[in-house]
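The next block holds one structure in the form of structure tokens; read it before the comments.
Quick look at the structure:
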């Protein structure tokens with residue numbers, strides 16, 4: 272299936288997305304093109320995935336800094 276490239280996340284993009292969401296909330300039926308565009312640009316799951324990634328990376332960084340603060344990992348240099 273051919274995916275449409277996501278539009279740049281600029282002011283016009285967000286304005287259009289908000290307008291479509293508000294129309295849907297008040298019960299205005301979107302035409303097929305509007306509904307398709309809204310579905311294609313719906314990135315809530317992407318946001319959740321990105322947030323999980325950053326939380327994981329922050330946790331790794333926290334553990335790494337504790338290891339650095341605790342001194343050398345090995346008792347002596349490898350031979």
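Residue numbers (this note's numbering): 272 to 350.
In this text, a Cβ means the ideal position worked out from N, Cα and C, and glycines have one as well.
{"Item": "Taking 7 Å as the cut-off, decide whether the C-beta atoms of residue 290 and residue 305 are in contact.", "Value": "no"}
{"Item": "Could you tell me the boundaries of the alpha helix (DSSP H) in which residue 311 lies?", "Value": "303–312"}
{"Item": "State buried or exposed for residue 273, treating a residue as buried only when at least 16 other CB atoms are found within 10 Å of its CB.", "Value": "At residue 273, the pLDDT of 48 sits below 50, so the modelled position is not reliable; the number obtained from the coordinates is stated separately. That one is exposed."}
{"Item": "Using CA atoms only, rank isn't needed, just tell me which of 325, 300, 288 is closest to residue 308.", "Value": "288"}
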